[in-house]
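Using the working numbering, the first residue of the sequence shown is number 22, and each one after it goes up by one.
C-beta: ideal position from N, C-alpha, C; glycine also.
Since this is a predicted model, take the numbers as computed values, not measurements.
The next block holds one structure in the form of structure tokens; read it before the comments.
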Amino acid sequence: MEIKNNELLRQFEYQTEEGMLSVEYSLQERKIFLTKLKGFETSVQEQASDFLKAVLSFAEDNRLRVVPTHPKIVSFFRKNPVYKELLPPGIRI
């Protein structure tokens, strides 16, 4: 899966047949705050899950801690406990 890091708009983007999926983020020190989701309808749920996995892989490769602030991203962390190691100390989901 090829995701694009649009640094100007501060979002990760992925183009699908139905449209574009994007996650807005904010970088502060060694943390990335995932703040907003766009284009995540039920018809692209499996692609959205793969897209979030690719975004978290990017964060892991760059040694960033992930702070999910959007409810859908928080529920993704609850469904996939393997990614809880990316959370900064003191944040429990």
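Residues in its own chain within less than 7 Å of Ser-43 by CB, not counting five upstream and five downstream? Gln-32, Phe-33, Glu-34, Lys-59, Gly-60
Rounded to a whole number of angstroms, what is the C-alpha to C-alpha distance between Lys-191 and Glu-23? In this structure the chain extends from 22 to 114, so residue 191 is not present and cannot be described.
Residue burial classification, Val-87 (beta-carbon count within 10 angstroms, cutoff 16): buried
Is DSSP giving Pro-109 helix, strand or coil here? coil
Reduced DSSP category for Glu-67 - H, G, I as helix; E, B as strand; rest coil: helix
Inter-residue spacing [alpha-carbon to alpha-carbon] between Pro-102 and Ser-96: 10 Å
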